[in-house]
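In what follows, a single structure is set out as structure tokens and then discussed.
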Amino acid sequence: MATTTIDNLTWSRVKASPSKALKVRLYNLARPARAFLAVELMLLAFAVLRTVWDREALGAFVLMASCTLFFHVNNVDRSLLSAEASRFWIDLAESVSLGMWVSAGLFSVFPRLVPPVGATSAAALVFGLLPVMFRMFLPHLITRGRCVEQILIVGTGDLAAKFYRQLDGGVGWPDLDPQMPSVPRSSADRVGTVEFTDLNDLVLRNRISRVVVTDLDALNRERLAAALLDSRLRGLQVSDAVDFYERIRGKIWVEALNPQWFVYTNGFICSRAGLCLKRCFDVMFAAAMILLASPLLVLIAIAIKSDSAGPVLFRQVRVGLHGRKFVIYKFRSMRRDAELDSGPAWAAEQDARVTRVGRLLRTFRLDEIPQAFNVLKGDMSIVGPRPERPCFVDRLKRQIPFYDLRHYLKPGITGWAQVMYQYGSSVEDSYEKLQYDLYYAKHRSFRCDVEILLRTVRIVLFGRGR
Numbered sequence: 008m009a010t011t012t013i014d015n016l017t018w019s020r021v022k023a024s025p026s027k028a029l030k031v032r033l034y035n036l037a038r039p040a041r042a043f044l045a046v047e048l049m050l051l052a053f054a055v056l057r058t059v060w061d062r063e064a065l066g067a068f069v070l071m072a073s074c075t076l077f078f079h080v081n082n083v084d085r086s087l088l089s090a091e092a093s094r095f096w097i098d099l100a101e102s103v104s105l106g107m108w109v110s111a112g113l114f115s116v117f118p119r120l121v122p123p124v125g126a127t128s129a130a131a132l133v134f135g136l137l138p139v140m141f142r143m144f145l146p147h148l149i150t151r152g153r154c155v156e157q158i159l160i161v162g163t164g165d166l167a168a169k170f171y172r173q174l175d176g177g178v179g180w181p182d183l184d185p186q187m188p189s190v191p192r193s194s195a196d197r198v199g200t201v202e203f204t205d206l207n208d209l210v211l212r213n214r215i216s217r218v219v220v221t222d223l224d225a226l227n228r229e230r231l232a233a234a235l236l237d238s239r240l241r242g243l244q245v246s247d248a249v250d251f252y253e254r255i256r257g258k259i260w261v262e263a264l265n266p267q268w269f270v271y272t273n274g275f276i277c278s279r280a281g282l283c284l285k286r287c288f289d290v291m292f293a294a295a296m297i298l299l300a301s302p303l304l305v306l307i308a309i310a311i312k313s314d315s316a317g318p319v320l321f322r323q324v325r326v327g328l329h330g331r332k333f334v335i336y337k338f339r340s341m342r343r344d345a346e347l348d349s350g351p352a353w354a355a356e357q358d359a360r361v362t363r364v365g366r367l368l369r370t371f372r373l374d375e376i377p378q379a380f381n382v383l384k385g386d387m388s389i390v391g392p393r394p395e396r397p398c399f400v401d402r403l404k405r406q407i408p409f410y411d412l413r414h415y416l417k418p419g420i421t422g423w424a425q426v427m428y429q430y431g432s433s434v435e436d437s438y439e440k441l442q443y444d445l446y447y448a449k450h451r452s453f454r455c456d457v458e459i460l461l462r463t464v465r466i467v468l469f470g471r472g473r
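Our numbering numbers the first residue of the sequence shown as 8 and each following residue consecutively.
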């Protein structure tokens, strides 16, 4: 048996039947988030200790904690290696701005927390420069094998190659800035074949930290478990491809799913107490939204009437919980005869049917405010999948597997798919959004809802709607 070393991994060329050999691929996964979080926590710990002997430092700690929160809400840790420099700088500026706004709000309520100007400036400077320093030095650390997880993708069919290409969508080497120092890259075409008996030695010799299993049948999974038992007891992580993809991408890989996965996976369960808590939160949040926005509602109504002919409110039938239809309320943002000629159609970017006031309302998602009344009625929740029109649902159910599962949740004004993905205007977009909706359905919790609301605040304040 001849061997050759490529990308620090020994690939075995064997003449063996498929039942005795595995196809494997190497994938180098950049994981800067843990190191970034560790430095943030050390700085926060220092700030906490400082407040023990200097009460004036408490305000600076509040500012630093707020910036830390929005760094992770805005995914600054994920954009550290982005090839789009503008994306990194925008995420950073928005995070620091939101952190300072939240701190200013707390300081107005608790004036004793207001720190000296010097402490405020120092805290803002330190946390503003921290991501910049990480972006500068992280590529050099990666070339030395730091902040990197070396993964072995194991599979015998086409699904392994598809999984590899899905990973290349932005979490490994392909997302690196081309101007940064070069790093060793894997290739989806570089496929090695290794016998089960040699797999454990290969993992140990090449310091593989995780094995991701894609499309093995039950027999080969049993052989794989026996082959990796020694490495597993030494700390090797072994993950299913769907679960691993879900963890690093924040969505569920629908293409690789089957009904069996839904039956045996964890999640997709919410206790009665959790549902009761969510309903109480929905009612209080919706009532507060209507009360606080009441002066704005009057101004929006006047603007809509003065801009174009037609009603202020727009009513439309949507599909809700368990497929039940209900009437949704929105501020009208399109012409009254928008679908007279074209019939039902998704809104498009720069849609000619949208009015001038409507475009402004959509940019800041102000057209969604009347849906608070849907929440009070019980048709919707604050957080959940966006409800679609019946004609679109019938079409998407035929074209997208498991699409109907999103109707096991009450639809929401905002949701995980809305804050993580662009506005959907095609079947392909609906497929992508379904993957995010299923992720939310699996992991829904009060903490998850709060994170989604914080991400929504960013979209509203910085006009990221459509």
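Where a beta carbon is used, it is the ideal one built from N, C-alpha and C, also for glycine. Keep in mind it's a predicted model, so treat the numbers as computed, not measured.
According to the DSSP secondary-structure assignment, Gly162 is paired through a beta bridge with Lys30.
Cβ contact annotation for Thr463 (same chain, cutoff 7 Å, sequence separation greater than five): Thr421 and Val426, in chain order. Pro392 places its beta carbon less than 8 Å from that of Pro418. Look at the stretch 359 to 384 and you find no whole run of beta strand (DSSP E) that is 3 residues long or longer. Just so you know, the alpha carbons of Val249 and Gln442 end up roughly 11 Å apart. Looking at the DSSP output, Lys337 shares a beta bridge with Phe321. At least 8 Å separates the beta-carbon of Gln173 from that of Tyr271.
Per DSSP, Gln429 lies in no beta strand (DSSP E) segment and is marked neither H nor E.
Residue pairing for Thr200: DSSP places it in a beta bridge opposite Lys30.
Its chain contains Cys154 as the residues whose beta carbon lies nearer than 7 Å to that of Leu148, once the 5 sequence neighbours on both sides are disregarded; these appear in chain order. In this structure, the straight-line span from the alpha carbon of Ala263 to that of Ala131 is close to 44 Å.
At a Cβ-Cβ threshold of 8 Å, Leu145 and Leu87 count as neighbours. Proximity of the stretch 209 to 226 to the stretch 235 to 247 meets the contact definition, three or more beta-carbon pairs being nearer than 8 Å. Taking a C-beta distance under 8 Å as the contact criterion, Ile215 and Leu159 qualify as a contact pair.
Taking the Cβ atoms as the reference, Val305 lies roughly 20 Å from Arg322, outside the contact range of under 8 Å. In terms of Cβ geometry, Leu105 and Phe77 form a close pair [threshold 8 Å]. Per DSSP, the continuous alpha helix (DSSP H) segment holding Thr463 begins and ends at Phe453 to Leu468. Under the DSSP assignment, Ile311 falls in the alpha helix (DSSP H) whose first and last residues are Arg279 to Asp314. By the criterion of a C-beta distance shorter than 7 Å, Ala316 is surrounded in its chain by Arg343, once the five residues flanking it on both sides are discounted. Looking at the backbone, the Cα of Val324 and that of Lys440 are separated by about 20 Å. Non-local C-beta neighbours of Phe114 in its own chain, meaning closer than 6 Å and more than five positions away in sequence, comprise Leu120 and Val121, ordered along the chain. Under the Cβ criterion (8 Å, minimum of three pairs), the stretch 292 to 304 does not count as touching the stretch 352 to 371.
The criterion of a C-beta distance shorter than 8 Å is satisfied by Pro377 and Lys337. Of the residues Cys74, Leu70, Gly162 and Phe141, the one whose Cα lies closest to the Cα of Gly125 is Leu70.
The DSSP-derived three-state label of Asp237 is helix.
The three-state secondary structure of Lys258, taken from DSSP, is coil.
Rounded to the nearest whole angstrom, the CA to CA distance from Arg256 to Ile309 is 43 Å.
When the alpha-carbon of Phe141 is set against those of Ala232, Glu47 and Ser73, the nearest one is in Glu47. DSSP places Gly419 within a strand segment (E or B) once states are collapsed to three. The residue among Leu412, Phe53 and Met107 with its C-alpha nearest the C-alpha of Ser128 is Met107.
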